[in-house]
Amino acid sequence: MTSIHVSTRIDLSDIWDEIGDDDLRQEMDRRCIEAARTVEEAKADTLTPLVEEALALLRSGRADDAALSLERALFPKWKSPEEALRQLKARAA
75 MTSIHVSTRI DLSDIWDEIG DDDLRQEMDR RCIEAARTVE EAKADTLTPL VEEALALLRS
135 GRADDAALSL ERALFPKWKS PEEALRQLKA RAA
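Convert by adding 74 to the 1-based position in the sequence shown; the result is the number in the numbering used here.
Here's what the structure looks like:
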């Protein structure tokens, strides 16, 4: 029996060069991915609802809850909600 080994090396920069802007936009739309224009806008889009929630908590006299909400948003202990849920379930077991 004869075996054949084939190896292929792909340079991702070549692939990115071949993808047109319209193709990229269509794929992002298909995957429901939104793009921010700048890093600052992306951060603002993510943090704005959390800051609004903290402000509402402050206005209702719940300063500790507001601080906790902001701490969770700005200094998360987990990289993803799935990781947080996994650790919560592990603690409960």
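We treat Cβ as the ideally placed atom computed from N, Cα and C, and that holds for glycine.
Between the beta-carbon of residue i and the beta-carbon of residue j, is there less than 7 Å?
i, j, result
"D139", "L131", "yes"
Looking only at its own chain, which residues have a Cβ that is under 6 Å from the Cβ of residue i, when we skip the five neighbours before and after it?
i, result
"T120", "none"
"E92", "none"
Taking 7 Å as the limit between beta carbons, can you name the residues of its chain near residue i, skipping five residues before and five after?
i, result
"A109", "M102"
"R83", "none"
Out of the options, which one is the CA nearest neighbour of residue i?
i, options, result
"P123", "R83, R99, R146", "R146"
Could you check how far apart the C-beta atoms of residue i and residue j are, in whole angstroms? I think they sit under 8 Å.
i, j, result
"S143", "E127", "6 Å"
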